[in-house]
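A short write-up of the structure that comes next.
2 protein chains.
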Amino acid sequence: MRIGELSGATGVPVPTIKYYLREGLLPAGERTHANQVRYDERHLRRLRLVRALVEIGRVPISRVRELLAAVDSPDRGLDSTLGMMNRALRPDDIEPADPDEVRSAIERLRALGYENLPEQGYVQQVAKALATLHRFGHPNMQGLLESYAAVAMTIAEIDLATVAGIGDPEATVEAALVGTIVGEALLVALRRLAHGTVSGRVLGTKGG
Amino acid sequence: MRIGELSGATGVPVPTIKYYLREGLLPAGERTHANQVRYDERHLRRLRLVRALVEIGRVPISRVRELLAAVDSPDRGLDSTLGMMNRALRPDDIEPADPDEVRSAIERLRALGYENLPEQGYVQQVAKALATLHRFGHPNMQGLLESYAAVAMTIAEIDLATVAGIGDPEATVEAALVGTIVGEALLVALRRLAHGTVSGRVLGTKGG
């Protein structure tokens, strides 16, 4: 297909595709005898992944390049590539937590079956949340970590089951990215809406 | 207790407490014969709630006043007060979704047992997420709403069970607020960490 068709199939404007080609995020097309450049399914798959990284993941171009190199590296396991993607998706603005609180959070999480825990990023967010619950929360809430840790593991199993069957590494990374970001927005919104449903049932004034 | 003790017990600085008194968010203390002002448990409970609304919920003072009026209104059910609090906690920056997509999202959510759905806010976020999944997501993801809707309902049941037993309306609203905001940060972080755990199990290269 021509560059215009590549654009039509992905919604990525032609000048953006040309920029990705110049930046090496997309391999060059094949120059045909008619002096036209042809692109194939491989370009389409790669462009879809780049689009998801940039538009949904808001991953900077330099990190996109690193991630694509990992996707293309046959020695690198898919698990390791997804871990790299997850780090690229982590917001920069997670506030650092107290190191003692982080250590304690890691210990509690390990006891709850969490593995491969990073020392930064979301572990800090867990530590901060636990400290805030301790400071502001009702005593009833001290068991919240245990309940939430179990539910979050269920969600991760749903998420991994969704992507594990895809097979093709490029499409898997793309689906994992979309699922991570869009799934988070979906989950947060559904939890808030579910509060309204369950609150009506649990606390609603009968016949009111 | 004196204003300094009220400050010590809550961590709210004395000038901020004086500001809340002037704004009517905290009832005046009792002026004793020694010409001192005394505060009691009632002030402490109210100040804790105001602190949670302002510091954790980032609710503007005018909305805090409305919410406190609702808490103090004996005719108003706790369910209705919590609904008001949830609306106050909703971020302003939820992008509006296409009205047809919102209608379709509401229909799908109703079929999944969701009740008391607002027409704005998080329903829009669900509609946007579904549209993005439709546009970018892998076909495997089209059932994500159903799975997530069930999990979110489980989470809401955990959350409501945590606050339903508290009894005192002020402490219930405070706990619900802390649980909504801090619980969201906790859940988002745990889901990301659980991805690392489950990904290692599902996709990890054995012996690698």
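Keeping their order, the protein sequence lines are chains A and B.
Position 44 of the first sequence, counted from 1, bears residue number 44 in this note's numbering, the numbering being contiguous throughout.
Add 1000 to a position in the second sequence, counting from 1, and you land on the number used in this note's numbering.
Here a beta-carbon is modelled for each residue, glycine too, at the ideal position from N, C-alpha and C.
Small disclaimer: the values here were computed from a predicted structure and weren't measured.
Exercise. Determine contact between the segment 1073-1091 of chain B and the segment 188-204 of chain A, defined as no fewer than three beta-carbon pairs at a distance below 8 Å.
Key: yes
Quiz item: Going along chain B, which residues have a C-beta under 7 Å from V71 (chain A)?
Solution: Within 7 Å Cβ-Cβ: nothing; V71 (chain A) doesn't reach chain B, min ~14 Å.
Quiz item: Can you name the residues of chain D whose CB is closer than 7 Å to the CB of N116 (chain A)?
Solution: Note that chain D does not occur in the displayed structure, where the protein chains are A and B.
Practice problem: Could you work out which residues of chain A lie near Q1125 (chain B), taking near to mean beta carbons separated by less than 7 Å? | Solution: A185 and A189
Exercise. For E5 (chain A), name the three-state secondary structure that DSSP assigns.
Key: In the structure shown, E5 (chain A) sits in a helix (DSSP, three-state: H, G or I).
Quiz item: Anyone know if the C-beta pair for V1163 (chain B) and A1175 (chain B) falls short of 9 Å?
Solution: yes
Exercise. Return the Cβ separation of A1194 (chain B) and M84 (chain A) in integer angstroms, given the expectation that the two are a contact with Cβ distance under 8 Å.
Key: With a Cβ gap of about 17 Å, A1194 (chain B) and M84 (chain A) do not count as contacting.
Exercise. Mind listing the chain A neighbours of G1204 (chain B)? Cutoff is C-beta to C-beta under 8 Å, in chain order.
Key: Ordered by position in chain A, the residues that pass the 8 Å Cβ test against G1204 (chain B) are G77 and D79.
Quiz item: Given I61 (chain A), which residues of its chain have a CB within under 8 Å of its CB, disregarding the five upstream and five downstream residues?
Solution: E23, L25 and V54
Quiz item: What is the C-beta distance between L46 (chain A) and E170 (chain A), in whole angstroms, given that I count them as a contact (C-beta under 8 Å)?
Solution: Note that residue 46 (chain A) corresponds to Arg in the displayed sequence, not to Leu. The Cβ separation is near 7 Å, so the contact holds.
Quiz item: Nearest chain A C-beta to H1138 (chain B) closer than 9 Å, yes or no?
Solution: yes
Self-check item: Residues near G179 (chain A) in its chain [Cβ-Cβ closer than 8 Å; skip 5 each side]
Solution: D159, T162 and V163
Self-check item: Integer Cβ distance of Q142 (chain A) from P96 (chain A), believed to fall under 8 Å
Solution: 24 Å between Cβ atoms; not a contact.
Quiz item: At a Cβ threshold of 9 Å, is A1088 (chain B) touching chain A?
Solution: no
Quiz item: From what residue to what residue does the alpha helix (DSSP H) around E23 (chain A) run?
Solution: Boundaries cannot be given for E23 (chain A), as no alpha helix (DSSP H) includes it and DSSP labels it neither H nor E.
Quiz item: Quick one: is G1208 (chain B) near chain A, going by C-beta distance under 9 Å?
Solution: With a pLDDT of only 36 at G1208 (chain B), under 50, the local geometry of the prediction cannot be trusted, and the value read off the model is given with reservation. It does; some Cβ of chain A falls within 9 Å.
Quiz item: Under the three-state reduction of DSSP, which class applies to E1115 (chain B): helix, strand or coil?
Solution: coil
Self-check item: Residues that Y1020 (chain B) contacts on chain A, provided the C-beta gap is smaller than 7 Å
Solution: Those within 7 Å of Y1020 (chain B) in chain A number zero; the least Cβ separation is about 17 Å.
Quiz item: Of the choices B:V1059, B:R1108, B:V1071 and B:P1118, whose alpha-carbon is the least far from that of P1091 (chain B)?
Solution: Checking every option, the nearest Cα to that of P1091 (chain B) belongs to B:V1059.
Quiz item: At a Cβ cut of 7 Å, what residues of the segment 45-73 of chain A count as close to chain B, listed as they run along the chain?
Solution: A52 and I56
Quiz item: Across which residues does DSSP place R31 (chain A) in a beta bridge pair?
Solution: A:V37
Quiz item: Apart from the five residues on each side of it in sequence, which residues of its chain come closer than 8 Å, Cβ to Cβ, to P1118 (chain B)?
Solution: These residues qualify, in order along the chain: R1087.
Quiz item: What residue ranges within the segment 39-120 of chain A form continuous alpha helix (DSSP H) runs of no fewer than 4 residues, ordered along the chain?
Solution: Counting whole runs of 4 or more residues, the segment 39-120 of chain A contains the alpha helix (DSSP H) stretches 41-51, 61-72, 78-89 and 99-111.
Quiz item: Residues of chain A with a CB under 7 Å from the CB of V1151 (chain B): which are they?
Solution: V151, T154 and I155
Quiz item: Would you say G1008 (chain B) reaches chain A, if we count a Cβ-Cβ gap shorter than 9 Å as a contact?
Solution: Not closer than 9 Å to any Cβ of chain A, the Cβ of G1008 (chain B) fails to qualify, so no.
Quiz item: Secondary structure at D1159 (chain B), three-state DSSP: helix, strand or coil?
Solution: Here D1159 (chain B) sits in helix by DSSP.
Quiz item: Taking Cβ to Cβ, would you say L144 (chain A) is nearer than 9 Å to G1183 (chain B)?
Solution: Contact check for L144 (chain A) against G1183 (chain B) passes: the beta carbons are separated by less than 9 Å.
Practice problem: Taking G29 (chain A) as the reference, give the member of A:A127, A:G4 and A:G11 with the closest Cα. | Solution: A:G4
Quiz item: At what residues does the alpha helix (DSSP H) containing I181 (chain A) begin and finish?
Solution: P169 to L203 is the span of the alpha helix (DSSP H), which, as asked, contains I181 (chain A).
Quiz item: How many whole angstroms separate the CB atoms of G1200 (chain B) and E115 (chain A), which I take to be in contact at a CB cut-off of 8 Å?
Solution: 6 Å
Self-check item: Simplified DSSP assignment, three categories, for G1208 (chain B)
Solution: Per-residue confidence for G1208 (chain B) stands at a pLDDT of 36, beneath the threshold of 50, marking its modelled position as unreliable; the derived number appears in the next sentence. Coil, per DSSP.
Quiz item: If the cut is a Cβ gap below 9 Å, which residues of chain B does R192 (chain A) touch?
Solution: N1086, L1089, R1090, G1121, Y1122, Q1125, A1152, A1156, T1180 and E1184
Quiz item: So which residues on chain B does A171 (chain A) lean against when the C-beta distance must stay under 9 Å?
Solution: H1138
Quiz item: Any beta-carbon of chain A closer than 9 Å to the one on V1163 (chain B)?
Solution: yes
Practice problem: For G165 (chain A), name the three-state secondary structure that DSSP assigns. | Solution: coil
Quiz item: So, does the CB of T1132 (chain B) fall closer than 9 Å to a CB anywhere in chain A?
Solution: yes
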